[in-house]
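Read top to bottom, the protein sequences are chains U and P.
What the first sequence shows, in my numbering, is residues 60 to 515, in sequence order.
What the second sequence shows, in my numbering, is residues -16 to 102, in sequence order.
This report refers to the structure that appears directly beneath it.
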Amino acid sequence: MTDRVVRVAGASGMWGDDLDAPRRLVEGGPVDYLMLDYLAEVTMSVLQRQKSRDPSAGWARDVVGAIESVLPAIAAGRVKFLANAGGVNPEACGAAVLALLDKAGVRASVPVALVSGDDLLPELDALVAAGHALAHMESGEPLASVRDRVVAANAYLGSAPLTEALRLGARIVLTGRCHDAALAVAPFRHEFGWRDEDYDALAAGTIAGHIIECGAQSSGGNCLADWAAIPDLANIGYPIVEMSAAGDFVVTKHPGTGGRVSRQTVTEQLVYEIGDPRAYLTADVASDFTSVHLADGGDDRVRVSGARGRAPSGKLKVSIAYRDGFKAISSLVYGWPDAAAKARAADAIVRARLDRLGLRFETIHTEIIGAGAVHGALAGRDAGRDAPEVQLRIGVRDANKAAVERFTREIAPLVLNGPPSVTGYFGARAKVEEILGFWPALIDATAVRPRVELIS
Amino acid sequence: MRVRLLDIAHARSGDKGDTANICVIALREEWYAVIARYLTADAAAGHMAPLIRGGVERFELPNVWALNFLLHGALDGGGTRSLRIDAQGKVLSTALLRLVIDVPDAEALALALPPFTGA
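This is the structure we're talking about:
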């Protein structure tokens, strides 16, 4: 068994993450691969909306700057770059990256691969006709109930096509929807030759990828434990996995960076956005998160060992977006004294006026920020009693766009004809937003055909 | 003895559709058993009832001193539909840590659990 380790760094945890993180990872110490996750569930819907307005949009544009910031290292063969920035338009993403390589004069020396095939929309009716029900994973409802409103359907690909892209020599791999962790698993498979049935190793890779897929959320960011004592978040080091061929790995960060890698920061991320920890399901493997042992060296190095995995389910998760009505949210700020009472009075006035207009909404929801909004009744009856100011936030949701639009006109008048000590009304007229509902489903893995293509 | 979860555990929460997940992690290894015994799915569901519509599932990860909770119907329809400021349930974690549990005095003293003296 070799002592060699492969270093994969989590350089982006979401679309909009720190633009400087990839460069700092590459310049701060040894890193073999950068993985950049841009796609939250919500992000896919946002990208779909952008693509519907502009056919060349629908991908995470931040990726171009990210590549540019580390392009010398990529061109020199020092680091490879994997990102799911393709979103719902991988082809347009690939074209933009090629344009960057052209501009830099390195297109010939930097092979770029596009992984697609996750987009099931063109064949959705054929899939349903062939018996793939694509029922809602939670409610069991058949897709037929929203089929005519579906605007996107993307399967979560596994690591195999990404691994193939690396085998073909790609230094930049751009994907659409894949499991976030696949962006880390593929480099490990490529380097160590893990096979499809090496379930323990694939589980280790998946768990490692899961720990770094949200970027600095495993290296001290958004960490509740001891949060005020975590040093120098301004200079936070993004997380790096040092993986061994056997599947034991270390989570760490570059020396001299801020943040912290500890049992606590790693555990908060390990158990983040998962369901049953004994069966974390991806296209590659059913990973058992209860199998791993964590050893905190106290030196920003946490050793993770013992990962176990089982055969995958044979199903892929599919994320479907469908048009689901409209919403708008408006807000105003009320100042002391009696700030919360004034906000509540204003809310009652708005509701009475909406009633008088005969407007009914599927949902109207009010929060008074500063007086128990995010924890509701759990914040206690006295929440916000003597607050210096509170924010009144009223939202409505309905299938009737005109009604939602009319609602947005009912907030600004309160500044002159409602309770006193009101401010913060610039932008009080909310934008009406079309809701893209999220419909998670499963499909037989055999019905999805990933594609890998070198495009440069 | 009354013990507040915030004083013996840390937590993080996030979303999957209309379901929120909250992981609750013991601050000390020896406190995990207490949390696992008293923070049942029913206890979490009862405490979080004002904020959620659906049921609560609980999973154990003794290897990392953690419990994982799935709160169904917790996000007003989920990230894109929700009208809440916390549409993705990012601060539901600390809402759960407000829970105060009753631990027999002898057990609490033996484990050096910090007493909660607030209301």
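Cβ coordinates follow ideal geometry from the N, Cα and C atoms, glycine included.
Secondary structure remark: continuous beta strand (DSSP E) runs of at least 3 residues inside the stretch 214 to 279 of chain U, in chain order: 231 to 234. DSSP places Thr341(U) outside both helix and strand once states are collapsed to three, so it counts as coil.
Take the alpha-carbon of Gln107(U) and the one of Gly62(P): they are about 15 Å apart. DSSP, read as helix, strand or coil, puts Trp498(U) in strand. Residues of the stretch 252 to 280 of chain U that bring their beta carbon within less than 7 Å of a beta carbon in chain P are absent altogether. Between the C-alpha atoms of Ala91(P) and Trp48(P) there is a straight-line separation of about 18 Å. Look at the stretch 365 to 388 of chain U: the residues with a C-beta under 7 Å from a C-beta of chain P are Asp383, Lys386 and Ile388. Contact of Asp335(U) with chain P by beta-carbon distance below 9 Å involves Glu40, Phe42, Asn51 and Leu53.
Uninterrupted beta strand (DSSP E) stretches at least 3 residues long and entirely within the stretch 400 to 451 of chain U occur at 422 to 428, given in chain order. Your pair Val138(U) and Leu93(U) checks out as a contact, with CB atoms roughly 6 Å apart and the cut at 8 Å. As for any beta strand (DSSP E) of minimum length 3 sitting wholly inside the stretch 41 to 100 of chain P, the runs are 49 to 54 and 83 to 85, ordered along the chain. Closest by C-alpha distance to Arg66(U), out of Leu413(U), Gly228(U) and Phe140(U), is Phe140(U).
The beta carbon of Asp69(P) falls within 7 Å of a beta carbon belonging to chain U, placing the residue at that interface. Asn213(U) is not a Cβ neighbour of Asp239(U), given a cutoff of 7 Å. Among the CB atoms of chain P, none fall inside 7 Å of the CB of Pro509(U).
Within chain U, no C-beta atom comes nearer than 8 Å to that of Asp25(P); the closest sits roughly 17 Å away.
Collapsing the DSSP output to three states places Phe485(U) in coil. Assigned with DSSP and collapsed to three states, Tyr21(P) falls in helix. For the pair Glu492(U) and Ala304(U), the Cα-to-Cα distance works out to about 48 Å.
Between Val310(U) and Ile231(U), the CB-CB gap reaches or exceeds 7 Å. Under a 10 Å Cβ-count criterion, Val74(P) is classified as exposed, with fewer than 16 other Cβ atoms of the shown protein chains found around its own Cβ.
Met196(U): not part of any beta strand (DSSP E); DSSP gives it neither H nor E. Using a Cβ-Cβ cut-off of 8 Å, His434(U) is close to Leu34, Val74, Thr77, Ala78 and Arg81 of chain P, given in chain order. Look at the stretch 307 to 327 of chain U: the residues with a C-beta under 7 Å from a C-beta of chain P are Gln323, Thr326 and Glu327.
For Asp161(U) against Leu261(U), the beta-carbon gap comes to about 37 Å, at or over 8 Å, which does not count as contact. One alpha carbon belongs to Glu272(U), the other to Arg412(U), and they sit about 47 Å apart. Residue-level contact check: Leu22(P) does not touch chain U, since none of the beta carbons of chain U fall below 7 Å from its beta carbon. Residue-level contact by beta carbon fails for Ser111(U) and chain P, as no gap is shorter than 7 Å.
Among the bridge pairs identified by DSSP, Lys139(U) is matched with Tyr92(U). Of the residues assessed, Phe485(U) falls on the exposed side of the cut-off, its CB having fewer than 16 other CB atoms within 10 angstroms.
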